[in-house]
Structure formats: structure tokens, C-alpha cells
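Trainee: 349 is the number that this note's numbering gives to position 349 of the sequence shown; each next residue is one higher, with no gaps. Ideal placement from N, C-alpha and C gives every residue a C-beta, glycine not left out.
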Amino acid sequence: MILKKLLLLAVVVVSVVEAFASGEKEDHADDGFSRLVAWMKLHGGRVDERIDVAEIHGIRGVVALDTIEDGAELLYCPWKLVIGSTGLPAHMQMQSSDDMCQVVHDMAKEIRLSSQSLWWPYLEHIEIPRLSAMWGPLALDELQGLSPSEDATRHFQWFSQYCAGNNDNNNKEDQHATVAGSMDQEASLMRSLVSFVSRASEVGMVPIYDLLNHHNGRKNAKLSLTEEGVHLRVVGGNSIQKGQELYLSYGIKSAPVMYRDYGFVEEWPCCWNWKEVASGDNFAFVLFPDDGVAINPTKEFLQHIWHSSSSVPVPTTMHTMDNVDMRLAEFQSSAKRHMESLSLEELDRFARAARIHLDGLPTTFQQDQAILEGKRESSAQAMDDDDDDDDDDDDDDLEDVIRAIDYRITFKMALLSALKSTEAAAQIMKETQYSRHGEF
1 MILKKLLLLA VVVVSVVEAF ASGEKEDHAD DGFSRLVAWM KLHGGRVDER
51 IDVAEIHGIR GVVALDTIED GAELLYCPWK LVIGSTGLPA HMQMQSSDDM
101 CQVVHDMAKE IRLSSQSLWW PYLEHIEIPR LSAMWGPLAL DELQGLSPSE
151 DATRHFQWFS QYCAGNNDNN NKEDQHATVA GSMDQEASLM RSLVSFVSRA
201 SEVGMVPIYD LLNHHNGRKN AKLSLTEEGV HLRVVGGNSI QKGQELYLSY
251 GIKSAPVMYR DYGFVEEWPC CWNWKEVASG DNFAFVLFPD DGVAINPTKE
301 FLQHIWHSSS SVPVPTTMHT MDNVDMRLAE FQSSAKRHME SLSLEELDRF
351 ARAARIHLDG LPTTFQQDQA ILEGKRESSA QAMDDDDDDD DDDDDDDLED
401 VIRAIDYRIT FKMALLSALK STEAAAQIMK ETQYSRHGEF
């Protein structure tokens, strides 16, 4: 019953959040961020004046207003402002389901307190993504069985199983503290849970830190912990240039997991995986721009990506984009070496499995593109005709269907790219063997 309520709430929570949040957003200035910085400083924190929040390609992120040197402290957040941890060492991390449940409940309680909460400047500034867990059956069906369709509601199920009854006493004490006009208990739990899933660090909810976006290929900032609090610093051995975005890493995760937990597919390096139905075998590949691919990536290969993306030596006089290009070139070279290390049998096995998987899907990516165009036209028409708030649920369903189709197109194009590169590598290997031995 609790899970069902959460799923129903998920359908409407975005519109509730929009009505709940105060403060208007502008294209080039974020008043909410200004209030958040002032709040952080008021309570003993520090925020580098050379950073700001901006919309980049429609996505909110943190950018440099001026050159920021390597090692500079971007943020210091005292433990008292972290929702989830109170200090080092015993309370440094969320080490159990009970700890994580408590963070969700604590944040939900603060949300219900609205402007009376200590954390209000932070809570009102949070934007939550439209995760696949919030989709209806129509949108989930459009995934055509692709991951994460099988565990889209994983976090809701976790909360229902481990967290729902953990905070009954606090909830009873909190009932009279809820501010009139604020979210009710279930809606605040939904907002808190989605915020926690998509924004929490290993120590809980850290204001301002969680405004940075993820990019394993371009990460240039990292969290560190001290007795005093949480610090965010520039890393990578190079200065951040004016206008450059600041990135964190959420770790090396597969694209389906990234999409399920954060609502996006990583640009590069992008790790995809699927399971072959007949054999039950798992297949994986890492995709880079320009058809760079590494199939069946080893643990060592993934660790190389993880450790090298922030440590490629770059001359201090080199432009920032050259720095990024150099990282990408290194990754592509690593992928090429990895592919050359594989046997012809491994290449052929991957290629066969990829073709079988693509052929077994109901539609091709070309058909999907035509379907997507039609859905977008329907969405645009619905927006022109929609003057009735009662149709908001239908609009959300259609937008979720569009997201699902767009996601499956992304997967199919990625797998086609991996297939093309794998077949090309296999052909080169066969030609090499023929030139050496006179036969395949």
C-alpha cells in the first residue's frame, strides 16, 4: 500500500514542487543561489565568489566566473549544515539502511516546516529530476524491456520495505509543527526521497556541493572531509577557466543505473550493458565520441578511466578545451589498446550477441526516430490546446513516453556504434592473420 501511494504521488510531485517552491529563476542569474550562499556564510560556511549557477544547454550547473587555481577551496560546509552526518569519525558516513532512511525522514520533516526550517534556503533551491520511477505504465512499456525497466521503482521499493515505519514517533511529534500551506507528509517524503536518490553524497545532503553535475571525462572538483566539515576543491592539476563548468564524479556506473538514479545518460565515457535472453550472459561496453569503444571492459580498464580522468598531465599554458581533448584522446587510445588485446573469438561473440539483441527489439532506431517526432508534435499540440489543469497528468504521461523513446534510441545507437567498431576490429584481426599465415 505504501509503495502504491508513493507511485501515485510520483505522477504529480513535479507540479506540486513547482507550486511549492518560491523564487523566480532567470537565464543568467539565480536569486535562489544568492540566498543559498548568504545562508551558508551566515552559518559559518565559505563559498568561493568565483562560482555561480547557470543554465548550460538547458541544464542547471555550476560555472567559474573567473580563473580558479588548482587546489582552490570552492566550498566549505560545516557539519551542522549537512543533513545526514554530524562529524568525524563515527558519524562521517551513512553506513546502513537505517542511516539513509533517517536522512530521508529528516529532510522530509524540514520540507514540511517550509520557511521555518533552518535549511529552507537550501531546500527551496533543490530541483528534482523526473526519474523513471515516477513514470506510469505507458512510459515504462516504451522502454521495450531495456534496463532500467525491470527495476525502475527500486528506490521506492527500498523505502517502502526499510523506511516506511522507521520514523513513526518523529512523524507524530512533527504533525503539529507542519506549516500551513506546506506539503503534506506523503508529498514531502516523495520530494525528500527523490532528492536523496539523485543528490546525496556519501555523508548525506551537502548544500551547494550537490549543484555540481556529473562527468567522468571532465571531473575537476572533489569532496574531502575534515573534523570541521565538508570541503569541495578543484582537482586535476589545472586551473578552471572563466566560463568552464565544474564537474563531480558520481562514480563509474552503467548508463541504465545513471538513468534510473539521476535521470540522464552520461555523455562520455558511457558504460552500457545488457543480458542476452537465450544464454543469460551479460555483455558490456564503454563508448566514447567518434565511435571509440571498449567491449567487455575489465575492472582494470574501468579503474584506469576513474583514476586518469582527473590526472592527465597538461601544460599550464594549454587551453581548457585542449585539456578536455587530451583526456578524451587518452581514453580513446586506451580503448583502442583494449580492443587490440581481445581475441577474435571475443570480438565475434560480442558482435553476434549485439545483432541478436538489436534484431529482437520491436523497433529499429530509425523507426523510433519517426515515432519520437510524432510524439513531440503531439506534445506541442497538446501544449497549445491545454488550458485545463486537469490534463496535467496526461501531459506528464506523454512527456515520459517521449523520454522513454529517446532513451531507447540512445541505447540502440550506442549498441550499433559498438557493433560497427567491433566488426571493424574483427576484420582487421582476420586480415592480419591472413597476411601472416595465408588463411583466416
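Nearest-angstrom Cα distance between Met-190 and Gly-229?
Mentor: As a working mapping, residue 190 is identified with position 190 in the sequence shown. As a working mapping, residue 229 is identified with position 229 in the sequence shown. Answer to the nearest angstrom: the Cα atoms are 28 angstroms apart.
Trainee: Could you compute how far the alpha carbon of Glu-276 sits from the alpha carbon of Phe-283?
Mentor: The residue you call residue 276 lines up with position 276 of the sequence shown. The residue you call residue 283 lines up with position 283 of the sequence shown. Going by the C-alpha atoms only, they are around 8 angstroms apart.
Trainee: Exposed or buried, what is Arg-352 when buried is set at 16 or more other beta-carbons lying within 10 Å of its beta-carbon?
Mentor: As a working note, residue 352 is residue 352 in the sequence shown. That one is exposed.
Trainee: Using the beta-carbon count (16 or more within 10 Å), is Glu-377 buried or exposed?
Mentor: Walking along the sequence shown from the start, residue 377 turns up at place 377. The residue in question, Glu-377, is exposed, as its Cβ has fewer than 16 Cβ neighbours within 10 Å.
Trainee: Between the Cα of Thr-410 and those of Trp-119, Gln-367 and Glu-423, spot the shortest distance and give me the residue it belongs to.
Mentor: Here the question's residue 410 lines up with position 410 in the sequence shown. Nearest C-alpha to Thr-410: Gln-367.
Trainee: Within 10 Å of its beta-carbon, does His-307 have 16 or more other beta-carbons around it, so buried, or fewer, so exposed?
Mentor: Residue 307 sits at position 307 when you count from the first residue of the sequence shown. Exposed is the call here.
Trainee: Among Lys-299, Ser-34, Ala-152 and Arg-130, which has the Cα closest to the Cα of Cys-271?
Mentor: Position 271 of the sequence shown, counted from the first residue, corresponds to residue 271. Among Lys-299, Ser-34, Ala-152 and Arg-130, the Cα nearest to that of Cys-271 is on Lys-299.
Trainee: Buried or exposed: where does Thr-86 fall if 16 or more other Cβ atoms within 10 Å of its Cβ makes it buried?
Mentor: Looking up residue 86 in the sequence shown gives position 86. Exposed, since its Cβ has fewer than 16 Cβ neighbours within 10 Å.
Trainee: For Met-205, write down the residues that DSSP places opposite it in a beta bridge.
Mentor: By one-based count along the sequence shown, residue 205 stands at place 205. DSSP output for Met-205 lists Ile-83 as bridge partner(s).
Trainee: Using the Cβ count rule (16 or more neighbours within 10 Å means buried), how would you classify Gln-433?
Mentor: As a working note, residue 433 is residue 433 in the sequence shown. It counts as exposed.
Trainee: Given that a residue counts as buried once 16 or more other Cβ atoms are within 10 Å of its Cβ, and exposed if not, what is Gly-204?
Mentor: Walking along the sequence shown from the start, residue 204 turns up at place 204. Burial call: buried.
Trainee: Would you list the one or two residues that DSSP bridges to Ser-149?
Mentor: Taking the first residue of the sequence shown as position 1, residue 149 is located at position 149. None; Ser-149 has no bridge partner.
Trainee: For Glu-69, which three-state DSSP category applies?
Mentor: Counting from one through the sequence shown, the residue named residue 69 turns up at place 69. Three-state DSSP puts Glu-69 in coil, outside helix and strand.
Trainee: So, at 7 angstroms on beta carbons, what are the nonlocal neighbours of Phe-264 in its own chain, with the 5 sequence-adjacent residues on each side left out?
Mentor: As a working note, residue 264 is residue 264 in the sequence shown. Met-258, listed in sequence order.
Trainee: Cβ of Asn-220 within 8 angstroms of Cβ of Ile-240?
Mentor: By 1-based counting over the sequence shown, the position of residue 220 is 220. By 1-based counting over the sequence shown, the position of residue 240 is 240. The answer is yes: Cβ separation under 8 angstroms.
Trainee: Do you know whose CA, among Ile-126, Asp-184, Ala-426 and Ser-132, lies nearest Leu-344's CA?
Mentor: Here residue 344 is taken as the residue at index 344 of the sequence shown, counted from 1. Leu-344 has its Cα closest to that of Ala-426, out of Ile-126, Asp-184, Ala-426 and Ser-132.
Trainee: Which same chain residues, not among the five before or five after Phe-196, have their C-beta less than 8 angstroms away from its C-beta?
Mentor: As a first step, residue 196 must be located in the sequence shown, where it is residue number 196. The residues are Met-100, Val-103, Val-104, Met-107 and Met-205.
Trainee: Please list, in chain order, all residues of the same chain as Ile-405 whose beta carbon is under 8 angstroms from its beta carbon, the five residues on each side excluded.
Mentor: Working through the sequence shown from its first residue, we reach residue 405 at position 405. Here the set comprises Glu-142, Asp-368, Ile-371, Leu-372 and Lys-375.
Trainee: Determine the DSSP secondary structure at Gly-32, reduced to helix, strand or coil.
Mentor: What you label residue 32 is simply residue 32 of the sequence shown in a count that begins at 1. In this structure, Gly-32 counts as helix in the three-state DSSP scheme.
Trainee: Hey, quick one: how far does the beta strand (DSSP E) through Cys-270 stretch, first residue to last?
Mentor: Taking the first residue of the sequence shown as 1, we reach residue 270 at position 270. That run of the beta strand (DSSP E) goes 270-275.
Trainee: Excluding the five sequence neighbours on either side, which residues of its own chain have a C-beta within less than 7 angstroms of the C-beta of Ala-382, listed in chain order?
Mentor: As a position in the sequence shown, residue 382 is number 382, starting the count at 1. Cβ within range, chain order: Asp-395 and Leu-398.
Trainee: Is Ser-117 buried or exposed, if buried means 16 or more other CB atoms sit within 10 Å of its CB?
Mentor: Along the sequence shown, read from residue 1 onward, the residue named residue 117 stands at position 117. Buried.
Trainee: Can you tell me where the beta strand (DSSP E) with Ile-295 in it begins and where it stops?
Mentor: Numbered from 1 along the sequence shown, position 295 holds the residue referred to as residue 295. Segment 293-295, the beta strand (DSSP E) holding Ile-295.
Trainee: How should His-357 be labelled, buried or exposed, when 16 other C-beta atoms within 10 angstroms of its C-beta is the threshold for buried?
Mentor: Residue numbering aside, residue 357 sits at position 357 when the sequence shown is read from its first letter. Classification of His-357: buried, given that the 10 Å Cβ count is 16 or more.
Trainee: Is it right to say Pro-313 is buried, meaning 16 or more other beta carbons lie within 10 angstroms of its own, or is it exposed?
Mentor: Position 313 of the sequence shown, counted from the first residue, corresponds to residue 313. Only weak support is given to the placement of Pro-313: the predicted model assigns it a pLDDT of 41, under 50, and the value that follows is read from those uncertain coordinates. Pro-313 is exposed by the Cβ-count criterion.
Trainee: Count the CB pairs spanning the stretch 43-55 and the stretch 64-77 that are closer than 8 angstroms, and state whether there are at least three.
Mentor: Contact between the stretch 43-55 and the stretch 64-77 is present, because at least three Cβ pairs lie under 8 angstroms.
Trainee: In chain order, what residues of the same chain lie with their CB nearer than 7 angstroms to the CB of Pro-121, ignoring the 5 residues before and after it?
Mentor: On the sequence shown, residue 121 is found 121 positions in, with the first residue counted as 1. Once the five neighbours on either side are set aside, the close Cβ partners of Pro-121 are Arg-35, Leu-36 and Trp-39.
Trainee: On a Cα-Cα basis, can you pick out the residue from Phe-365, Asp-359, Ile-402 and Phe-350 that is closest to Ala-380?
Mentor: Here the question's residue 380 lines up with position 380 in the sequence shown. Closest option to Ala-380, Cα to Cα, is Ile-402.
Trainee: Using the C-alpha atoms, what's the distance from Thr-153 back to Ser-132?
Mentor: On the sequence shown, position 132 is the one that residue 132 refers to. On the sequence shown, position 153 is the one that residue 153 refers to. Going from the Cα of Ser-132 to the Cα of Thr-153 covers about 8 angstroms.
Trainee: For Ile-305, count the other beta carbons within 10 Å of its own beta carbon; 16 or more makes it buried, fewer makes it exposed. Which is it?
Mentor: Translated into the one-based positions of the sequence shown, residue 305 becomes position 305. Classification of Ile-305: buried, given that the 10 Å Cβ count is 16 or more.
Trainee: Between the Cα of Pro-78 and those of Leu-328, Ala-329 and Leu-42, spot the shortest distance and give me the residue it belongs to.
Mentor: Residue 78 sits at position 78 when you count from the first residue of the sequence shown. Among Leu-328, Ala-329 and Leu-42, the Cα nearest to that of Pro-78 belongs to Leu-42.
Trainee: Taking all protein chains shown into account, do 16 or more other C-beta atoms lie within 10 angstroms of the C-beta of Leu-65, making it buried, or fewer, making it exposed?
Mentor: On the sequence shown, residue 65 is found 65 positions in, with the first residue counted as 1. So Leu-65 ends up on the exposed side.
Trainee: Straight-line CA distance for Leu-146 to Asn-216?
Mentor: By 1-based counting over the sequence shown, the position of residue 146 is 146. By 1-based counting over the sequence shown, the position of residue 216 is 216. Each residue's alpha carbon lies about 24 angstroms from the other.
Trainee: Contact defined as beta carbons within less than 8 angstroms: I believe Ala-354 pairs with Leu-419. What is the distance between those atoms, to the nearest angstrom?
Mentor: Locating residue 354 in the sequence shown gives position 354, counting from the first residue. Locating residue 419 in the sequence shown gives position 419, counting from the first residue. About 4 angstroms; that satisfies the 8 angstroms criterion.
Trainee: What number of angstroms, rounded off, separates the C-alpha of Ser-149 from the C-alpha of Glu-69?
Mentor: As a working mapping, residue 149 is identified with position 149 in the sequence shown. As a working mapping, residue 69 is identified with position 69 in the sequence shown. Spanning the two alpha carbons is a distance of roughly 43 angstroms.
Trainee: Need the endpoints of the alpha helix (DSSP H) that Val-257 sits in, please.
Mentor: Here the question's residue 257 lines up with position 257 in the sequence shown. Segment 255-262, the alpha helix (DSSP H) holding Val-257.
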